[in-house]
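For the sequence shown, my numbering assigns the number 424 to the initial residue and increments by one for each residue that follows. Using N, Cα and C, we set each Cβ at its ideal position, and we do this for glycine too.
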Amino acid sequence: MAAPKTGIGHYTDSLAEWLARIHTDHQYELISPFDFPFDACGRHGHSPKPENLSRKFIPVRSIFKKWWLLGLPAFLQISPLDVFHGTNYCVPVFAPCPTVVTIHDLSLLAHSGTHETDNVIRGRRRMPIMARRARKIIAPSEWTKREIIEFLGIKPGKIQVIHEGAREKMLPLPESNCQSVLERFGIKKPYLLFVGTIEPRKNLTTLIRAYDTLLRETEHRPQLVLCGGRGWLDGEVFSLVEKLKLQEQVLFTGYVEDSDLPALYSSAEAFIYPSLYEGFGLPPLEAMACGTPVITSNSSSLPEVVGKAGLMHDPEDHLALTRSIVEILSDKDSREHFIRAGLEQASRFSWDRAARETQAVYDEVYQQWKKRK
Numbered sequence: 424m425a426a427p428k429t430g431i432g433h434y435t436d437s438l439a440e441w442l443a444r445i446h447t448d449h450q451y452e453l454i455s456p457f458d459f460p461f462d463a464c465g466r467h468g469h470s471p472k473p474e475n476l477s478r479k480f481i482p483v484r485s486i487f488k489k490w491w492l493l494g495l496p497a498f499l500q501i502s503p504l505d506v507f508h509g510t511n512y513c514v515p516v517f518a519p520c521p522t523v524v525t526i527h528d529l530s531l532l533a534h535s536g537t538h539e540t541d542n543v544i545r546g547r548r549r550m551p552i553m554a555r556r557a558r559k560i561i562a563p564s565e566w567t568k569r570e571i572i573e574f575l576g577i578k579p580g581k582i583q584v585i586h587e588g589a590r591e592k593m594l595p596l597p598e599s600n601c602q603s604v605l606e607r608f609g610i611k612k613p614y615l616l617f618v619g620t621i622e623p624r625k626n627l628t629t630l631i632r633a634y635d636t637l638l639r640e641t642e643h644r645p646q647l648v649l650c651g652g653r654g655w656l657d658g659e660v661f662s663l664v665e666k667l668k669l670q671e672q673v674l675f676t677g678y679v680e681d682s683d684l685p686a687l688y689s690s691a692e693a694f695i696y697p698s699l700y701e702g703f704g705l706p707p708l709e710a711m712a713c714g715t716p717v718i719t720s721n722s723s724s725l726p727e728v729v730g731k732a733g734l735m736h737d738p739e740d741h742l743a744l745t746r747s748i749v750e751i752l753s754d755k756d757s758r759e760h761f762i763r764a765g766l767e768q769a770s771r772f773s774w775d776r777a778a779r780e781t782q783a784v785y786d787e788v789y790q791q792w793k794k795r796k
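Right under this line is the structure:
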């Protein structure tokens, strides 16, 4: 929940707001060791923050050593919570109430080479414990559920797949509403867009090689806009841009606020997401919701999210990615097809449904807890 907010923060924010909006007879509390801006909740649509949603900031000196072991369990002992939901992979080992955990992906185990060693060691030690201690596990995709079963040895019945949704504000915008945002970032149309952290798992070197091939072998000259904060081992991406002499064509915007994303998505010729591994893949979903053609890799959960509404390629094949880009830039009928298909596909995912299904999980574990007491 702390700024700058990325995938898990958006998940927690959206889920909490929709739970409170739908289930007005329940009370929901966001608990965090980070002092996050609470007015961030309630801005996904046009409604104010729900009155039955509050926050609790619990400061601790060492987040990783003391939060889950000391700070949170101590708070739960004096708090009248019926259910605790750990939205960031973790639940307290000892809790006075039933716990639910969301495991967003297993990349720390399945693609350990794309993460820092310390994070991998911590994940390998902690994730199996958390999966066993929680009464129910929420996975954002069938892909992630299968990996939880494979890597953590969890029985299928303990895992509930609940897809995420595109946020309400992710809608197609007219060009007149986008121009000021593009000017502020120095973006020139036409452009290709990526949104996500600059890190190895996002496979941006393949995108840059595909883009270089596009410029060298075709007449197309779109700008390439990479939106996202700098992550682990991001230097390889910047070095490749310099090596291929693409500094004038590739724009790194840095972290982008949520309020700017609809304009950036809506004005792009295509949204490209060549990721090696995703537990769900929210950016392609939100790009489709904004009416932007999506080109993505055929790896992990991405086919489950995008379906037949986007162009897919082998994540290691930069030439196949170039061909997909050329198709969107050259074939008006194909572009219009993927715009329509993307809007239809995005409509199948919603935070309304995700919140209702999540509340059903809370109800289930609470009733089981009561029977066993």
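Query                                                                                                           : Result
Validate contact between the segment 549 to 559 and the segment 640 to 648 using beta carbons, cut 8 Å, 3 pairs : no
Close beta carbons around G468, own chain, < 6 Å, minus the five adjacent residues each side                    : For G468, the pLDDT reaches just 48, beneath the cut-off of 50, and the residue's location in the model is therefore unreliable, although a value from the coordinates is still provided. Correct list, in chain order: E591.
Distance between D541 and V728 (C-alpha atoms, nearest Å)                                                       : 30 Å
Contact check, A589 vs E709, beta carbons under 8 Å                                                             : yes
Exposed unless 16 or more other CB atoms sit within 10 angstroms - verdict on D754                              : exposed
Proximity winner among I445, L504 and M711, relative to E474 (alpha-carbon distances)                           : I445
Those residues which DSSP pairs with S382 across a bridge                                                       : The displayed coordinates of the chain run from 424 to 796. Any statement about residue 382 would go beyond what the structure contains.
Whether H741 touches R639 by CB criterion (8 Å)                                                                 : no
Helix, strand or coil at A518 [DSSP, three-state]                                                               : coil
Uninterrupted alpha helix (DSSP H) stretches inside the segment 577 to 616 (no shorter than 4 residues)         : 602 to 608
Test item: CB-CB of L616 and C650 under 8 Å                                                                     : yes
Closest by C-alpha distance to F477, when choosing among V483, P460 and L492                                    : Looking at the sequence itself, residue 477 is Ser, so the reference to Phe does not match. Among V483, P460 and L492, the Cα nearest to that of S477 is on P460.
Per DSSP, cross-strand counterpart(s) of M797                                                                   : An answer regarding residue 797 cannot be provided, because it is not within the stretch 424 to 796 covered by the chain.
Per-residue DSSP class, three states only, for H538                                                             : coil
CB of Y700 within 8 Å of CB of F694, strictly                                                                   : no
Validate contact between the segment 669 to 682 and the segment 771 to 781 using beta carbons, cut 8 Å, 3 pairs : no
For P707 and V717, believed in contact at Cβ under 8 Å, the rounded distance                                    : 5 Å
Check whether M553 and Y614 have beta carbons under 8 Å apart                                                   : no
Residues bridged to R478 (per DSSP)                                                                             : L453
Span of the alpha helix (DSSP H) around T636                                                                    : L627 to E640
Sequence-distant residues of the same chain with beta carbon closer than 8 Å to V749, five excluded per side    : L637, T641 and H643
Beta bridge counterpart(s) of G509 as assigned by DSSP                                                          : V524
V660 (DSSP reduced to helix, strand or coil)                                                                    : helix
Exposure of Y451, with buried meaning 16 or more beta-carbon neighbours within 10 Å                             : buried
Residues sharing a beta bridge with A693, DSSP                                                                  : L615
Cβ shell of P685 (< 7 Å), same chain only, five flanking positions each side left out                           : K592, M593, L594, L596 and C713
Backbone secondary structure at R653 - three-state DSSP                                                         : strand
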